[in-house]
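Going by numbering that gives the first Met the number 0, the letters in the sequence shown line up with residues 0 to 83, in that order. Using N, Cα and C, we set each Cβ at its ideal position, and we do this for glycine too. Note that the structure is predicted; figures quoted are calculated from it, not measured.
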Amino acid sequence: MDKGSEKNVPNRLKYYREKLVVTQQEMEWRTGVGSRSWPHYESGIREPKIKLAQKFAQVFNEIAAEKGIEISRISTDDLYPIGG
(Lines of atoms letter the chains of each structure in order from A and count residues from 1; the text may use other names and numbers.)
(Lines give C-alpha, C1' and ligand atoms only; values in the text may rest on other atoms or scores of the structure.)
Protein backbone atom coordinates (compact mmCIF):
# COMPACT_ATOMS: atom_id res chain seq x y z
CA MET A 1 0.00 0.00 0.00
CA ASP A 2 1.47 3.37 -0.93
CA LYS A 3 2.19 6.19 1.52
CA GLY A 4 -0.59 8.38 0.16
CA SER A 5 -3.30 5.88 1.02
CA GLU A 6 -1.94 4.27 4.17
CA LYS A 7 -3.74 6.71 6.49
CA ASN A 8 -6.94 6.71 4.46
CA VAL A 9 -9.47 4.33 6.05
CA PRO A 10 -11.66 3.91 2.94
CA ASN A 11 -8.61 2.98 0.86
CA ARG A 12 -7.54 0.47 3.51
CA LEU A 13 -10.97 -1.18 3.54
CA LYS A 14 -10.87 -1.59 -0.23
CA TYR A 15 -7.22 -2.68 -0.19
CA TYR A 16 -7.79 -5.46 2.34
CA ARG A 17 -11.06 -6.57 0.73
CA GLU A 18 -9.45 -6.84 -2.70
CA LYS A 19 -6.30 -8.49 -1.32
CA LEU A 20 -8.52 -11.15 0.29
CA VAL A 21 -10.61 -11.48 -2.90
CA VAL A 22 -13.94 -10.76 -1.21
CA THR A 23 -16.93 -8.91 -2.66
CA GLN A 24 -18.56 -5.92 -1.01
CA GLN A 25 -21.70 -8.01 -0.58
CA GLU A 26 -19.79 -10.73 1.25
CA MET A 27 -18.26 -8.15 3.58
CA GLU A 28 -21.75 -6.78 4.30
CA TRP A 29 -22.97 -10.29 5.09
CA ARG A 30 -19.95 -11.29 7.20
CA THR A 31 -19.85 -8.06 9.19
CA GLY A 32 -23.61 -7.64 9.54
CA VAL A 33 -23.73 -4.13 8.10
CA GLY A 34 -26.82 -3.17 6.16
CA SER A 35 -27.36 -3.86 2.51
CA ARG A 36 -25.31 -1.49 0.34
CA SER A 37 -23.51 -0.03 3.36
CA TRP A 38 -20.04 -1.34 2.52
CA PRO A 39 -19.58 0.90 -0.55
CA HIS A 40 -20.27 3.92 1.69
CA TYR A 41 -17.44 2.89 4.01
CA GLU A 42 -15.08 2.27 1.09
CA SER A 43 -15.92 5.61 -0.52
CA GLY A 44 -15.62 7.58 2.72
CA ILE A 45 -19.28 8.65 2.77
CA ARG A 46 -19.54 6.93 6.17
CA GLU A 47 -16.86 6.30 8.79
CA PRO A 48 -17.06 3.18 10.93
CA LYS A 49 -17.50 3.59 14.68
CA ILE A 50 -14.85 1.87 16.81
CA LYS A 51 -16.94 -1.27 17.44
CA LEU A 52 -17.62 -1.67 13.75
CA ALA A 53 -13.94 -1.14 12.89
CA GLN A 54 -13.16 -3.91 15.40
CA LYS A 55 -15.62 -6.19 13.60
CA PHE A 56 -14.11 -5.33 10.21
CA ALA A 57 -10.61 -6.18 11.47
CA GLN A 58 -11.85 -9.45 12.99
CA VAL A 59 -13.59 -10.49 9.76
CA PHE A 60 -10.58 -9.58 7.59
CA ASN A 61 -8.33 -11.69 9.84
CA GLU A 62 -10.79 -14.61 9.76
CA ILE A 63 -10.98 -14.51 5.96
CA ALA A 64 -7.19 -14.39 5.65
CA ALA A 65 -6.89 -17.44 7.93
CA GLU A 66 -9.64 -19.34 6.07
CA LYS A 67 -8.04 -18.68 2.69
CA GLY A 68 -4.46 -19.16 3.88
CA ILE A 69 -3.53 -15.66 2.70
CA GLU A 70 -0.45 -14.21 4.39
CA ILE A 71 -1.08 -10.69 5.66
CA SER A 72 0.02 -8.82 8.76
CA ARG A 73 -2.62 -9.11 11.43
CA ILE A 74 -5.12 -6.31 10.83
CA SER A 75 -5.97 -4.26 13.92
CA THR A 76 -8.71 -1.79 14.73
CA ASP A 77 -6.11 0.99 14.45
CA ASP A 78 -5.70 0.07 10.78
CA LEU A 79 -9.40 0.68 10.13
CA TYR A 80 -10.49 3.40 12.54
CA PRO A 81 -10.00 7.10 11.70
CA ILE A 82 -8.15 8.11 14.87
CA GLY A 83 -7.71 11.85 15.02
CA GLY A 84 -10.20 12.43 12.23
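#1: Tell me where the alpha helix (DSSP H) around ILE70 begins and ends.
#2: Could you tell me whether the stretch 26-34 touches the stretch 64-71, where touching means 3 or more Cβ pairs closer than 8 Å?
#3: Here's the rule I'm using: 16 or more other beta-carbon atoms within 10 Å means buried, otherwise exposed. How should VAL58 be labelled?
#4: Ends of the alpha helix (DSSP H) at PRO9?
#5: So what does DSSP say about SER42, is it helix, strand or coil?
Short version:
#1: Residue mapping note: residue 70 aligns to position 71 of the sequence shown, counting from 1. Careful: ILE70 lies outside any alpha helix (DSSP H) and carries neither H nor E.
#2: A contact between stretches requires three or more CB pairs, one per stretch, nearer than 8 Å, and the stretch 26-34 fails this requirement with the stretch 64-71.
#3: Along the sequence shown, one-based indexing puts residue 58 at 59. It counts as buried.
#4: Start at 1 with the first residue of the sequence shown, and residue 9 comes out as number 10. Where PRO9 is concerned, the enclosing alpha helix (DSSP H) stretches over 8-18.
#5: The count along the sequence shown starts at 1 and reaches residue 42 at position 43. Judged by DSSP in its simplified three-state form, SER42 adopts helix.
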